[in-house]
């Protein structure tokens with residue numbers, strides 16, 4: 001049980017995508033970009049909107065979850081929050 005806590009990584013998250021129910025469907029999203037968009041209190045360069053970018057790296061399990069790596073660590077308030085999945089780069 002202790003190893004579970006030693007292997008946690010705050011810039012890797014498990015994402016459940018709407019309409020994806022199995023790992024076969026989730027493979028379409030491998031390599032796609034993910035954006036966590038949030039509002040900050042301080043304005044920087046004329047905008048209060050900030051983005052933390054990530055990328056779908058692999059599937060997780062058989063129920064359609066994907067693992068995403070983010071550039072910066074995600075804050076704790078992002079757990080359970082919504083993210084945007086960009087449909088690029090395309091493999092088609």
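In the UniProt record's numbering, the protein residues as written are 1 to 92. The C-beta atom is built at its ideal place from N, Cα and C for all residues, glycine as well. All figures in this text were calculated on a predicted structure; none of them were measured in a lab.
Leaving out five residues before and five after residue i in sequence, what residues of the same chain have Cβ atoms less than 7 Å from its Cβ?
i, result
"residue 69", "11, 12, 54, 55 and 57"
"residue 62", "22 and 23"
Which term fits residue i, buried or exposed, when burial requires 16 or more other beta carbons within 10 angstroms of its beta carbon?
i, result
"residue 80", "exposed"
"residue 87", "exposed"
With a CB to CB cut of under 6 Å and the five nearest residues on each side skipped, what residues in its chain are close to residue i?
i, result
"residue 91", "none"
"residue 30", "56"
So for residue i, helix, strand or coil by DSSP?
i, result
"residue 17", "coil"
"residue 36", "strand"
In the DSSP assignment, what residue or residues form a beta bridge with residue i?
i, result
"residue 47", "44"
"residue 70", "54"
"residue 59", "66"
Just to confirm my understanding: we take residue i, look at its own chain, exclude 5 residues before and 5 after, and list those with CB closer than 8 Å. What are they?
i, result
"residue 64", "16, 17, 20, 21, 22, 23, 25 and 26"
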